[in-house]
Amino acid sequence: MNSNWLKKNTFHHSEFKDINRLVEEKERKKIKISLCLPTLNEEKTIAKEIIIMKSELMSRYQLLDEIVVIDSGSTDRTMEIASSYGADVYKADDILPKLEKFKGKGENLWKALYITTGDIIVYLDADIKNIHHRFVYALVGPLLLFDNIKYCKGFYDRPIARGKKKLRPTGGGRVTELVIRPLFSLFFPELTQIMQPLSGEYAGYRELFEKIPFPIGYGIETSIILDTYEKWGLDVIAQVDLERRVHRNQDTKSLGKMSFVILKTFCKRLEKLGMAELKSGFFNEMIQYKLGKDGYQPDIYKDKGFERPPIIEIPEYREKFKAI
Amino acid sequence: MEKHLDKLPSFVEAIKSMKETIIANIVFIGQIPAPTFKEKRRADFFMKRLAEFQVDECTTDGYRNPIGIIRGTSPSKPPVFVVAHLDTIFEKDIDHNYTVKKRTIKGAGVLDNSLSIGILASLPEIFRKLNLRFESDIVVAGVIQSLGRGNLRGIRHLLKTWDTPIRGAICLEGVELGRLNYYSEGMIRCEVECDISPTLGPLQKFKSNAILILNEVINQILELRLPQRPRSRVIIGKISGGSKHGTIACKAKLGFEIQSDSDKMVKSIYNDINDFVFDINHQNEIELKLKTISNLSAASLKYNHPLVKSAGAVIESLGLKPICEPSESELSIFLSHNIPAVTLGITRGENIYLENSTMEIEPMYKGIAQIIGVIMAIDKGVCDE
Chain D
0 MNSNWLKKNT FHHSEFKDIN RLVEEKERKK IKISLCLPTL NEEKTIAKEI IIMKSELMSR
60 YQLLDEIVVI DSGSTDRTME IASSYGADVY KADDILPKLE KFKGKGENLW KALYITTGDI
120 IVYLDADIKN IHHRFVYALV GPLLLFDNIK YCKGFYDRPI ARGKKKLRPT GGGRVTELVI
180 RPLFSLFFPE LTQIMQPLSG EYAGYRELFE KIPFPIGYGI ETSIILDTYE KWGLDVIAQV
240 DLERRVHRNQ DTKSLGKMSF VILKTFCKRL EKLGMAELKS GFFNEMIQYK LGKDGYQPDI
300 YKDKGFERPP IIEIPEYREK FKAI
Chain W
0 MEKHLDKLPS FVEAIKSMKE TIIANIVFIG QIPAPTFKEK RRADFFMKRL AEFQVDECTT
60 DGYRNPIGII RGTSPSKPPV FVVAHLDTIF EKDIDHNYTV KKRTIKGAGV LDNSLSIGIL
120 ASLPEIFRKL NLRFESDIVV AGVIQSLGRG NLRGIRHLLK TWDTPIRGAI CLEGVELGRL
180 NYYSEGMIRC EVECDISPTL GPLQKFKSNA ILILNEVINQ ILELRLPQRP RSRVIIGKIS
240 GGSKHGTIAC KAKLGFEIQS DSDKMVKSIY NDINDFVFDI NHQNEIELKL KTISNLSAAS
300 LKYNHPLVKS AGAVIESLGL KPICEPSESE LSIFLSHNIP AVTLGITRGE NIYLENSTME
360 IEPMYKGIAQ IIGVIMAIDK GVCDE
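Below, the structure written as structure tokens:
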């Protein structure tokens with residue numbers, strides 16, 4: 000196991016706080032950087048993310064070239080608010096409309112590759128309550144300053160907003176510790192060095208993202224890590240300590256659904272790599288139970304495990320980016 | 000002066016075009032908890048922010064009030080102060096993450112007074128954008144230890160140790176847009192604490208009740224004959240006590256303020272209250288104490304003072320109506336040092352003292368333009384007469 004990786008490729012956000020240096024490097028390399036915020040009903044947090052990134056990384060420092068919001072069909076005012084603060088807002092369904100339509104975070108991230116123009120794409124979850132521009136500059140820093148690094152992942156403490164008032168000092172990361180870390184330990188021990196493989200904050204070069212498939216739902220973070228590792232090895236990956244991220248807590252049932260999809264994504268990759276053989280296929284339903292008037296009722300979540308192919312295989316994409 | 004008034008409406012649009020910078024400053028600052036006496040992190044960030052916006056001098060005074068000085072073009076002119084208190088009433092463990100929507104910002108302390116500190120931090124950038132240079136130095140100060148037991152210590156210290164004349168001052172408060180304070184009343188803020196030692200055994204049910212004792216104090220305050228001239232009042236603002244529905248209260252606390260246009264009257268009312276608190280204490284053989292938390296002297300500019308007239312004209316030029324009421328903020332300390340000063344409100348909002356305090360974004364742009372208008376007026380000499 001390459002245990003040097005943890006030491007060599009793990010950074011702290013403060014190492015990249017000289018934003019002028021990052022801007023100089025960006026200009027020297029003649030590249031553009033796009034920020035993508037995938038949304039679904041994020042009216043409480045989206046404005047703050049856009050405002051802070053625009054103020055700090057577009058007005059004060061020209062590190063970002065565009066902020067793009069890709070929405071899965073919010074029923075609240077997410078899109079209106081995002082648009083009022085100057086982000087480029089798109090409905091996922093309106094992008095590449097000839098293709099079959101799906102709903103999911105991975106779908107939004109994949110379609111963002113078509114919409115954005117940057118050579119580096121930064122993906123941030125849109126529900127970060129304590130957003131700070133370090134979430135972007137610290138993810139971009141290793142990509143700009145180290146030529147071998149092509150993909151950078153964030154990790155942090157995870158206090159959870161409890162009710163309306165107080166913060167629980169620590170918590171979260173349950174799916175990581177109960178699902179992903181055991182799986183990595185069993186099959187890819189090197190990857191256990193990645194502190195929070197499921198964090199929704201990461202950045203990478205377009206040339207990397209365009210060559211890997213994107214599961215449409217929760218499996219996206221797992222698949223990016225596994226596919227990058229398989230194609231280019233661990234050394235192209237870095238991780239940055241972003242220190243603290245406050246987010247909405249999710250109930251155990253929701254985490255169960257997330258785990259179901261992640262397990263499926265993981266097992267598929269094991270099979271593809273010849274590391275495991277499934278005698279029969281997967282079922283596509285996650286069955287949970289709830290207590291109703293007539294006793295226990297099944298609560299079924301369906302996931303067909305659909306994955307978008309590497310976007311470079313899509314003719315419209317090749318057409319749009321042929322000059323790049 | 001009229002020329003400047005003409006410019007103000009166009010400033011509003013230019014300020015609006017900087018909304019990301021202004022809102023980012025409000026959010027960054029407001030999300031750092033700063034209960035009174037624990038403002039260091041917020042003060043450090045405020046200083047850092049001023050330095051990032053290339054303010055000529057960023058420093059702290061001996062009391063750790065963070066200060067930025069934007070150098071003027073005429074070294075002979077005394078400086079103009081723009082101040083806001085840095086502390087809030089919210090403790091550290093309250094969720095300070097703000098929610099920004101299309102028209103509002105919501106979060107603990109946003110209206111009192113994180114908005115004002117955010118604006119202070121944005122002023123250097125706004126001046127640059129509007130291409131404004133002043134003759135006087137502009138001193139922007141976030142003063143610490145202002146609220147409650149802080150008793151305006153930060154501003155008191157700042158002015159006590161500032162060794163050159165000050166041309167004029169503007170104090171900022173989050174609400175209410177149109178507010179124009181130019182006088183402050185004399186005030187003593189007090190607490191009456193009643194402490195009855197718990198008794199065990201059969202006598203327990205017949206002992207004095209701390210809440211009823213305070214009730215007696217309140218009744219006697221209500222019986223005071225307060226004059227209409229000078230205007231005087233006692234505001235009973237806080238009460239707490241007891242432990243269980245069926246248990247006689249052993250401890251209770253009452254908070255109130257004596258306010259008057261006359262310092263002499265404040266002192267006289269205080270002496271009356273002190274006398275009957277002493278009597279009640281003596282009659283009931285309990286621990287009943289009157290404590291002074293903070294105090295202020297009455298001070299005022301005249302309504303026809305050029306600064307008040309100019310500030311009123313600035314507010315009116317933006318289509319607003321000036322609202323004149325007394326203020327007990329930093330204003331009274333400036334006035335007691337004979338420095339012409341006014342307090343201005345920046346926007347509208349609701350739930351000012353609650354955790355879900357909410358400010359409106361759109362009126363804020365006029366609120367900022369008004370601050371600039373009054374700075375311009377002071378810089379042109381309205382306080383020099």
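Just so you know, the sequences run in chain order D and W. Each residue of the first sequence is one higher than the last, beginning at 0 in numbering that gives the first Met the number 0. Each residue of the second sequence is one higher than the last, beginning at 0 in numbering that gives the first Met the number 0. C-beta atoms are modelled at their ideal positions from N, C-alpha and C, and glycine is treated no differently.
Is the CB-CB distance between residue 48 (chain D) and residue 36 (chain D) below 8 Å?
yes
By DSSP's criteria, residue 170 (chain W) is part of a beta bridge. Which residues make up the other side?
W:82 and W:342
What number of angstroms, rounded off, separates the C-alpha of residue 125 (chain D) from the C-alpha of residue 39 (chain D)?
9 Å
Interface residues of chain D around residue 11 (chain W) at Cβ under 8 Å?
Correct list: empty, because the minimum Cβ distance to chain D is about 18 Å.
Under DSSP, the alpha helix (DSSP H) around residue 313 (chain W) begins and ends at which residues?
305-316
Consider the Cβ of residue 23 (chain D): report whether some Cβ of chain W lies at a distance smaller than 8 Å.
no
Where residue 365 (chain W) and residue 176 (chain W) are concerned, what is the direct C-alpha to C-alpha distance, given to the nearest angstrom?
Here the C-alpha atom of residue 365 (chain W) lies approximately 8 Å from the C-alpha atom of residue 176 (chain W).
Taking the beta carbon of residue 282 (chain D) as the centre, do at least 16 other beta carbons fall within 10 Å, making it buried, or is it exposed?
Burial call: exposed.
Starting from the Cα of residue 264 (chain W), find the closest Cα among W:300, W:288, W:295 and W:241 and give me that residue.
Per the Cα distances, W:295.
Which runs of the alpha helix (DSSP H), 4 residues or longer, sit entirely within the region 98-132 of chain D?
Taking 4 residues as the minimum length, the alpha helix (DSSP H) runs contained wholly in the region 98-132 of chain D are 104-114, in order along the chain.
Mapping DSSP to helix, strand and coil, what is residue 266 (chain D)?
Taken through DSSP and simplified to helix, strand or coil, residue 266 (chain D) comes out as helix.
Which chain W residues sit within Cβ distance under 7 Å of residue 43 (chain D)?
98, listed in chain order.
Counting only runs that start and end within the region 322-384 of chain W, where is the beta strand (DSSP E) found for 3 or more residues in a row?
Residue ranges of uninterrupted beta strand (DSSP E) with 3 or more members, entirely inside the region 322-384 of chain W and ordered along the chain, are 340-346 and 357-359.
Using a C-beta cutoff of 8 Å, does residue 51 (chain D) count as contacting chain W?
yes
Is the region 211-226 of chain D touching the region 299-309 of chain D in the sense that three or more CB pairs, one from each, lie closer than 8 Å?
In short, these stretches touch, since the Cβ pair count reaches three.
Which chain W residues sit within Cβ distance under 9 Å of residue 245 (chain D)?
Under the 9 Å cutoff, chain W gives 94 and 96.
Taking Cβ positions only, does residue 120 (chain W) come closer than 8 Å to chain D?
no
Taking the beta carbon of residue 270 (chain D) as the centre, do at least 16 other beta carbons fall within 10 Å, making it buried, or is it exposed?
Its Cβ having fewer than 16 others within 10 Å, residue 270 (chain D) is exposed.
Cβ of residue 227 (chain W) within 8 Å of Cβ of residue 313 (chain W)?
no
Is any beta-carbon of chain D found at less than 8 Å from that of residue 23 (chain W)?
yes
With a cut-off of 8 Å, does the C-beta of residue 30 (chain W) fall near any C-beta of chain D?
yes
Is the CB of residue 80 (chain D) under 8 Å away from at least one CB in chain W?
yes
Going by Cα to Cα distance, which pick from W:347, W:107 and W:333 is closest to residue 169 (chain W)?
W:333
Leaving out five residues before and five after residue 208 (chain D) in sequence, what residues of the same chain have Cβ atoms less than 7 Å from its Cβ?
112 and 120
Is the beta carbon of residue 72 (chain W) closer than 8 Å to that of residue 65 (chain W)?
It is not a contact, given that the beta carbons lie outside the stated cut-off.
Which of the three DSSP states, helix, strand or coil, is assigned to residue 20 (chain D)?
helix
How should residue 146 (chain D) be labelled, buried or exposed, when 16 other C-beta atoms within 10 angstroms of its C-beta is the threshold for buried?
exposed
Can the beta-carbon of residue 298 (chain W) be found less than 8 Å from the beta-carbon of residue 183 (chain W)?
yes
Could you confirm whether any beta carbon from chain D is found closer than 8 Å to the beta carbon of residue 101 (chain W)?
yes
Residue 357 (chain W) touches chain D at which residues, Cβ-Cβ below 9 Å?
The premise fails here: residue 357 (chain W) is roughly 13 Å from chain D at the closest Cβ pair, so nothing lies under 9 Å.
Do the region 25-35 of chain W and the region 10-17 of chain W make contact, defined as three or more Cβ pairs closer than 8 Å?
no
Any idea what DSSP makes of residue 70 (chain W), helix, strand or coil?
coil
Taking Cβ-Cβ distances shorter than 7 Å, what residues in chain W pair up with residue 65 (chain D)?
Result: empty, since nearest Cβ-Cβ is about 15 Å, beyond 7 Å.
When the Cα atoms are used, what is the spatial distance from residue 39 (chain W) to residue 110 (chain W)?
If you draw a straight line from the Cα of residue 39 (chain W) to the Cα of residue 110 (chain W), it is about 20 Å long.
Can you give the Cα-Cα distance for residue 52 (chain W) and residue 46 (chain W), rounded to whole angstroms?
10 Å
Checking the sheet assignment: what are the DSSP bridge partners for residue 392 (chain D)?
Nothing about residue 392 (chain D) can be reported from this structure: the residues present for chain D run from 0 to 323 only.
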